[in-house]
Amino acid sequence: MLVPLPAVTSLSSFLFLANTWAAPTVSDVSNPPARVIWEPAGDTWLECITQRSNGDLLITRYDNGEIWTVRSTTNQVSLVYQFPPDANVNSSLGIAEYEDDIFAFSGGQIAAADQSPIGGSWSVWSLDLRNWTPPADNSAENSPPPVTILTAIPEANMLNGMAVLRPATTKGPHANGKDASPLLLLADSNRGIIYHVSPTAVDKSAGVFYSNPDILTAPPDAAFPTGLNGLQVPPVRDPAYIYFTGGFRGTFYRLALAQASVEGTEPELLAGGFGNLDDFSLQADGTAYLSTGGADEIVRVSPQGKQTVVFNGDLVSSSTATLFVEKQGRCHHSSGI
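Following the numbering used here, the numbering of the sequence shown begins with 5 at its first residue and continues without gaps.
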């Protein structure tokens, strides 16, 4: 998640896609072709991006909790879901598919004055898109898809990035089949904790998957209380590592999943020295595409830690997330300012 700078008085957001190409050096960036595919009107804070099996994009909004979709064939933009006022949810962040066309996402409350997260308000929700399609045009009425709460996590101060292990999906490189037992992993940005939730189990209560507040809470001088931020596993059936960013600590780590429950386990630092690192995406081999917030860059980090700026400039200003689509050679990007 990205934080508006104090001098910023209005927010604008966009989503763009760019073709990938041979890696340039950091000092000689030649941006690939790119185009804006959605720029909402007014003050908007787009947060996380994911993709349905039909290619349509899903985008969460930090500023009001809405979820939107962009059609892959027409670029038509439609509202998917908006919480009613009595739900006490005005912010949505991480989102991930755990069954075919069923997505989990985090939602909670943010303060009206400064958009800071309100501790104790955060829950994990389920969005069922199996029988839902966008309206033919935005002037048409359309019933919202079913949204239900999976579990509240009152001890969380801010649920941010999300990943899923063993998704019970049947399509894509991450699929484990409909009989799998998915496990959601959720980043608490303020506490430096990764929670786990079993969305299809009878007991959906959250537990601690990994905790390391010494390196994953926000630094004392951070502009916003955001440490642990983006959270991903590679798009493969049986990943060996989980990857995460350290927010305003400017760090990027990976952790062997087999060691996550071992007390005292430290993650491997792959990259550091950034002002802020937000959400990101991964290729199958662990190559990462990092959104760098106010640095106005998308940075590729290889499994060996080599850093390459693959896009820079105003089009990726204040980036909040990336979504790399390997088979299409495209990288989608969202902005919070």
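All residues carry an ideal CB built from backbone N, CA and C; glycine is no exception. Model, not experiment: these values are computed from the prediction.
Query raised in the report: How many angstroms separate the CA atom of residue 56 from the CA atom of residue 160?
Result: On the sequence shown, position 52 is the one that residue 56 refers to. On the sequence shown, position 156 is the one that residue 160 refers to. Taking the straight line from one Cα to the other gives about 28 angstroms.
Query raised in the report: Based on the DSSP output, what are the partners of residue 218 in its beta bridges?
Result: If you number the sequence shown from 1, residue 218 lands on position 214. For residue 218, which the question treats as bridged, DSSP gives no partner whatsoever.
Query raised in the report: Alpha carbon to alpha carbon, what distance is there between residue 104 and residue 130?
Result: Residue numbering aside, residue 130 sits at position 126 when the sequence shown is read from its first letter. Residue numbering aside, residue 104 sits at position 100 when the sequence shown is read from its first letter. Their Cα atoms are separated by approximately 12 angstroms.
Query raised in the report: Terminal residues of the continuous beta strand (DSSP E) containing residue 272?
Result: Taking the first residue of the sequence shown as position 1, residue 272 is located at position 268. Unbroken beta strand (DSSP E) run through residue 272: 272-275.
Query raised in the report: By how many angstroms is the C-alpha of residue 34 removed from the C-alpha of residue 153?
Result: For the purposes of this step, residue 153 is identified with residue 149 of the sequence shown, where counting begins at 1. For the purposes of this step, residue 34 is identified with residue 30 of the sequence shown, where counting begins at 1. Rounded to the nearest angstrom, the gap between the Cα atoms of residue 153 and residue 34 is 45 angstroms.
Requested in this report: Figure out for me which residue from 119, 82, 275, 329 has the closest Cα to the Cα of residue 146.
Outcome: As a working note, residue 146 is residue 142 in the sequence shown. For the residues 119, 82, 275, 329, the minimum Cα distance to residue 146 belongs to 82.
Requested in this report: For residue 255, collect the residues of the same chain with a Cβ closer than 8 angstroms to its Cβ; drop the 5 residues on either side in sequence, then sort them by chain order.
Outcome: The count along the sequence shown starts at 1 and reaches residue 255 at position 251. 219, 249, 273, 275, 276, 278, 281, listed in sequence order.
**Report entry** Residues that DSSP places opposite residue 71 in a beta bridge
**Finding:** Numbered from its first residue, the sequence shown carries residue 71 at position 67. Residue 71 pairs with 64, 85.
Query raised in the report: By how many angstroms is the C-alpha of residue 52 removed from the C-alpha of residue 227?
Result: Position 223 of the sequence shown, counting from 1, holds the residue named residue 227. Position 48 of the sequence shown, counting from 1, holds the residue named residue 52. Going by the C-alpha atoms only, they are around 20 angstroms apart.
Report task. For the beta strand (DSSP E) containing residue 101, list its first residue and its last residue. Result -> Position 97 of the sequence shown, counted from the start, is the residue given in the question as residue 101. Residue 101 -> beta strand (DSSP E) spans 95-103.
Query raised in the report: Going by Cα to Cα distance, which pick from 233, 61, 96, 43 is closest to residue 199?
Result: Along the sequence shown, one-based indexing puts residue 199 at 195. When each option's Cα is compared against that of residue 199, the closest is 233.
Query raised in the report: What residues are listed by DSSP as bridge partners for residue 323?
Result: Numbered from its first residue, the sequence shown carries residue 323 at position 319. Note: residue 323 sits in a beta bridge opposite 297, 339.
Query raised in the report: How about residue 311 and residue 320: do their beta carbons lie closer than 7 angstroms?
Result: Sequence index remark: in the sequence shown, residue 311 carries index 307 (1-based). Sequence index remark: in the sequence shown, residue 320 carries index 316 (1-based). Their beta carbons are not under 7 angstroms apart, which means residue 311 does not touch residue 320 by this criterion.
Report task. Please state whether DSSP places residue 167 in a helix, a strand or coil. Result -> Locating residue 167 in the sequence shown gives position 163, counting from the first residue. Correct three-state label for residue 167: strand.
Query raised in the report: Can the beta-carbon of residue 322 be found less than 7 angstroms from the beta-carbon of residue 309?
Result: Within the sequence shown, the letter at position 318 stands for residue 322. Within the sequence shown, the letter at position 305 stands for residue 309. A distance of 7 angstroms or more separates the beta carbons of residue 322 and residue 309.
Report task. Tell me whether residue 140 is buried or exposed, calling it buried when 16 or more other Cβ atoms sit within 10 Å of its Cβ. Result -> Translated into the one-based positions of the sequence shown, residue 140 becomes position 136. Exposed is the call here.
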